[in-house]
Amino acid sequence: MPGLLVHIGAITNCSHPPGTVTANPSTPPRVFVNLSQAVLTINDVHSVAGCPLQVPALTPSGTKPQPCVTIRVQAATKVFINGAPVAIFTPATLGYSVEQIPQGPPNASLIQKRVIAT
11 MPGLLVHIGA ITNCSHPPGT VTANPSTPPR VFVNLSQAVL TINDVHSVAG CPLQVPALTP
71 SGTKPQPCVT IRVQAATKVF INGAPVAIFT PATLGYSVEQ IPQGPPNASL IQKRVIAT
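Set out below in structure tokens:
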């Protein structure tokens with residue numbers, strides 16, 4: 011499935027504001043879009059901090075914290091950087107909890123819109 015190339019700063023928060031997303035590149039950036047935005051690979055981690063999500067639970071408070079902790083992006087099949095597939099933003103890109111439960115799509119309001127990869 012085609013998708014937009016993901017770069018540092020493209021995914022701003024999870025679907026439960028104010029959960030903010032930080033991209034942690036696994037290697038020094040080598041490819042850039044818009045002159046200064048480093049393109050990420052599938053090996054790079056997208057961590058979420060500050061997600062306030064609570065789910066119903068059989069506890070005295072009636073809820074259980076289940077915040078988004080990571081964003082899982084999709085891998086391009088035809089575009090690579092140093093042998094690693096480029097990260098692309100598709101409808102299948104989701105936030106996940108510690109238990110690896112899908113939490114919903116992240117907000118990618120700052121993503122570049124010029125380059126699409128498959």
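So the sequence shown is numbered by my numbering: it starts at 11 and just counts up by one. Heads up, the beta-carbon is just placed ideally off N, CA and C, and yes, glycines get one too.
Residue i versus the options, residue with shortest Cα-Cα distance
i, options, result
"I18", "P12, G29, P35", "P35"
"P116", "V89, V58, V125", "V58"
Rounded C-alpha distance that separates residue i from residue j
i, j, result
"E109", "I121", "27 Å"
"V96", "T87", "8 Å"
"P112", "G105", "6 Å"
Which residues DSSP lists as bridging residue i, in chain order
i, result
"S114", "The amino acid occupying residue 114 in the given sequence is Gly; Ser does not appear at that position. Paired residue(s): G105."
"G13", "A127"
"Q47", "V43"
"S57", "T32, T80"
Local conformation of residue i per DSSP, three classes
i, result
"K74", "strand"
"H26", "coil"
"R40", "coil"
Query raised in the report: Can at least three beta-carbon pairs, one atom from the segment 53-70 and one from the segment 14-29, be found at a separation below 8 Å?
Result: Contact holds: three or more Cβ-Cβ distances are below 8 Å.
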